[in-house]
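Undergrad: Structure in structure tokens, see below.
Protein chains: 2
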Amino acid sequence: MPQEKEHNRRVILASRPKGAPTKANFRFETQPVPKPGDGEILLRTVYLSLDPYMRGRMSDAPSYVAPFAVDEVLGGGTVAVVEHSNHPDYQQGDWVVSQSGWQDYALSDGRCLFKLQGPVLAHPSWALGLLGMTGFTAYMGLLDIGDPQPGETVVVAAATGAVGSVVGQIAKLKGCHVVGIAGGEEKCRYAEEKLGFDRCLDHRQDDLEAQLKQHCPDGIDVYFESVGGKVFNAVLPLMNTKGRIPVCGLIADYNSSGELPQGGDRLPLFQSAILRKRLRVQGFIINQDYGDRFEEFFRQMSQWVAEDRLVFREHIVDDLEEAPEAFIGMLEGKNFGKLIVRVASDRPGEQK
Amino acid sequence: MPQEKEHNRRVILASRPKGAPTKANFRFETQPVPKPGDGEILLRTVYLSLDPYMRGRMSDAPSYVAPFAVDEVLGGGTVAVVEHSNHPDYQQGDWVVSQSGWQDYALSDGRCLFKLQGPVLAHPSWALGLLGMTGFTAYMGLLDIGDPQPGETVVVAAATGAVGSVVGQIAKLKGCHVVGIAGGEEKCRYAEEKLGFDRCLDHRQDDLEAQLKQHCPDGIDVYFESVGGKVFNAVLPLMNTKGRIPVCGLIADYNSSGELPQGGDRLPLFQSAILRKRLRVQGFIINQDYGDRFEEFFRQMSQWVAEDRLVFREHIVDDLEEAPEAFIGMLEGKNFGKLIVRVASDRPGEQK
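Listed in order, the protein sequences are those of chains A and B.
Numbering-wise (UniProt numbering), the first sequence opens with residue 1 and increments by one.
Numbering-wise (UniProt numbering), the second sequence opens with residue 1 and increments by one.
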């Protein structure tokens, strides 16, 4: 069932996942399209961004943002078109970045909208990736916390993902030796051949640590952390003195049950490494920590895009009904590039 | 056997400790007092600083500084008097901070000496504590990494120790709510009554976490880490968003065997806290990281001392022969204040 004018399809959080989410955690419902009141705008979703952080919000464990409510529509970043506006700053046909969530239509009072203008309109979905939240995450985490210097070695987890692919490319622009880590030969080849990484290693191989050591002969100065788990374990022994670890995610742990993993406690090892190597380990949430620097990011990134110095791959899934399966697959590393749901035609004014 | 003019008593690392050091790891020997050559200075040790970091250097595991060599004299910071000088910048009777180690006499070529002048001569041993390495560690770790703001809550481990006692007092000078953690009722009372902490909790009590929660009603903004272990476990759940954890030591782990502690792996929990709470966790080694800021520290700290705004307690042990036992006890928390060995009389020119 495609998007239509009369009905608003919504994806509801039916229940909280225990461990990996399943389709049973999602429910579809259809409602009438809401009517905008005074000062309100009716938005029609064109693209929905699917991102790993959403897994955290599906749980009610304390997290950095409030959990999604059960029986409510799932939240998420979207690129939308203004269908009707009672707001002086917006008019029909405007393209915006909004937080409409997993649904066809949403109302907005104009707050927290970001109007798309200029070259980004050629790729509106990039406003959710390269020029949006994930690119912003890559840019600030790498440059502000990672502070990479020419000649240093930068290791990037999830190297072909929406964040990692941009981290590695910016690190190359800064003159670093860049080694990516990704799942599978195809992704690794892509990172080396298209993204220009010096090397990309497959974390599915048994000898990840040995390979990493071989390809980081001078150790690791910056590790951009977004996965945790065994990739982190392989990286830690190779971190150099005064190394930096920006932490923007821990996808390997998102589906964990909450029980402590069995085996010895590696926490003292990590603490000891922080002390001995004088590491700086810092978590960040892009909008909370760097919201006031979005313009700086957008200007610099748009310039690099205009100069054709960045490659960005999207994994586009058609139709809102495919969103749950695409999301479940993303947590297993099945996507290849920034995962985006094309909810409707991206040609203005045309229904899909 | 006291210090004398003809012989140089030396404490030798006889063997590397496994776990907690024992007296069998130390050996005493006596050598002739060395003769200074051209450009050299003969230093006579008056005070020897005993510090937890030395435990790390007794092992040959990779650490932030080279290990002590077996069958060599143990290293360490000292306050010494120039007995004889063939160096134009030093003359007999000068007091200096040196790295003479665990022995009565040492030669120096003048490098890495710091001449004591002015008010500190009233308390020369303070040059190893309040106005020396441990005070410097407290000052930079708290102010540069911890960045405490008025009204914030600062928690300090090893609250009556050489570093912790100064951290807490500076935090009070900065207008913070300060909660210390120490071992035993006497130390806790001292921290509250003499050091002016708002509260000091005994980590030997079973309900440390509950008490910490009660006395940090607004959570913890800065945790100054020097112990690790169970104190850290109690602190972590209470850390506030954007909290800072300077790490200058992990005394609880220094005597560990190197095997992973049994029980579940808490590393993912820590990583998750770093991410969710956007913590900054940063290890530092005072001289390597802040060597160029010693003057700034010394000037500010000397001023606070002159204004009588800081209290500093020393635990002075007489005689070099007591050094091994005092050191072993320090790792068990038996000292109360900065541990110093008075190797010889501290009145210039007088042998003890």
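Backbone N, C-alpha and C define an ideal beta-carbon position, used for all residues, glycine too.
1) Can you tell me which of the three DSSP states W126 (chain A) falls into?
2) E209 (chain B) by DSSP, collapsed to three states: which one?
3) Could you work out which residues of chain B lie near I274 (chain A), taking near to mean beta carbons separated by less than 8 Å?
4) So A159 (chain B) is in the alpha helix (DSSP H); what residue range does that whole segment cover?
5) Taking 9 Å as the cut-off, decide whether the C-beta atoms of M301 (chain A) and L116 (chain A) are in contact.
6) Roughly how many angstroms lie between the CA atoms of V81 (chain B) and D104 (chain B), to the nearest whole one?
7) Please classify Q282 (chain B): does DSSP put it in a helix, a strand, or coil?
8) Please confirm whether Q149 (chain A) has its beta-carbon closer than 9 Å to some beta-carbon of chain B.
9) Within the same chain, show all residues whose beta-carbon is closer than 6 Å to that of D221 (chain A), passing over the 5 residues directly before and after it, in chain order.
10) Does L208 (chain B) come within less than 9 Å of chain A when only Cβ atoms are used?
11) Using beta carbons (cut-off 9 Å, strictly below), is V270 (chain A) in contact with chain B?
12) Within a Cβ cutoff of 7 Å, which residues of the same chain sit near G184 (chain A), ignoring the five residues on either side of it in sequence?
13) Would you check if the distance between the CB atom of T22 (chain A) and the CB atom of I328 (chain A) is smaller than 9 Å?
14) Closer than 7 Å by beta-carbon distance: list the chain A residues that pair up with G263 (chain B), in chain order.
15) From W102 (chain B) to V11 (chain B), what distance separates their C-alpha atoms?
16) Of the choices A:H215, A:A182, A:E209, whose alpha-carbon is the least far from that of S226 (chain A)?
17) Where does V311 (chain B) land, buried or exposed, given buried means 16+ other C-beta within 10 angstroms?
18) Kindly provide the ranges of any beta strand (DSSP E) runs that are 3 or more residues long and lie completely inside the region 275 to 322 of chain B, ordered along the chain.
19) Take the Cβ of G291 (chain A) as the centre, count every other Cβ of all protein chains shown within 10 Å, and call the residue buried at 16 or more, exposed below.
20) For E314 (chain B), does the count of other Cβ atoms within 10 angstroms reach 16, so buried, or fall short, so exposed?
21) Comparing the C-beta of G228 (chain A) with each C-beta of chain B, is any distance below 9 Å?
22) In terms of alpha-carbon separation, which member of B:A306, B:V341, B:G228 lies closest to G118 (chain B)?
23) Extract the residue ranges of the alpha helix (DSSP H) inside the region 13 to 61 of chain A, only unbroken runs of 4 or more that lie entirely within it.
24) Report the CB separation of C200 (chain B) from C188 (chain B) in whole angstroms; it is logged as a contact under 8 Å.
25) Should R299 (chain A) be labelled buried (16 or more other beta-carbon atoms within 10 Å of its own) or exposed?
26) CA-CA distance, V281 (chain A) and K5 (chain A)?
27) What residues of chain A sit near D289 (chain B), judged by a beta carbon separation below 7 Å?
28) Does the distance from the CB of G76 (chain A) to the CB of S108 (chain A) come in under 9 Å?
29) List the whole-angstrom C-beta distance separating I286 (chain B) from T137 (chain B), where the pair is believed to meet the contact cut-off of C-beta under 8 Å.
30) How about L250 (chain A): is its C-beta nearer than 9 Å to some C-beta of chain B?
31) Against chain B, with Cβ distances strictly below 9 Å, would L260 (chain A) count as a contact?
32) Alpha carbons only, please: which of A:Q271, A:L279, A:D198, A:D206 is nearest the one belonging to Y223 (chain A)?
33) Which runs of the beta strand (DSSP E) spanning at least 3 residues fall entirely within the region 70 to 124 of chain A, listed in chain order?
34) Would V46 (chain B) and H7 (chain B) qualify as a contact pair, given that the criterion is a beta-carbon distance under 9 Å?
35) Give the range of the beta strand (DSSP E) segment to which F224 (chain B) is assigned.
36) Between A:G164, A:A157, A:P148, A:Y190, which has its C-alpha nearest G175 (chain A)'s C-alpha?
TA: This is what the structure gives:
1) helix
2) helix
3) Going along chain B in sequence order, the residues near I274 (chain A) (Cβ under 8 Å) are V247, V281, Q282, G283.
4) Neither: A159 (chain B) is in no alpha helix (DSSP H) and is coded neither H nor E.
5) no
6) 11 Å
7) strand
8) no
9) E152, T153, N240, G243
10) no
11) Reading off the sequence shown, one finds Phe at residue 270 (chain A), where the question assumed Val. F270 (chain A) belongs to the set of residues whose beta carbon lies under 9 Å from a beta carbon in chain B.
12) D202, R204
13) yes
14) Residues of chain A whose Cβ lies closer than 7 Å to the Cβ of G263 (chain B) are, in chain order, D265.
15) 6 Å
16) The option with the nearest alpha carbon to S226 (chain A) is A:A182.
17) exposed
18) 280 to 283, 314 to 318
19) exposed
20) buried
21) Cβ-Cβ to chain B under 9 Å: yes for G228 (chain A).
22) B:A306
23) Runs of the alpha helix (DSSP H) inside the region 13 to 61 of chain A: 53 to 58.
24) 4 Å
25) exposed
26) 49 Å
27) R278
28) no
29) 4 Å
30) yes
31) yes
32) When each option's Cα is compared against that of Y223 (chain A), the closest is A:L279.
33) 78 to 85, 95 to 98, 105 to 108
34) Not in contact: V46 (chain B) and H7 (chain B) (Cβ atoms no closer than 9 Å).
35) 220 to 224
36) A:P148
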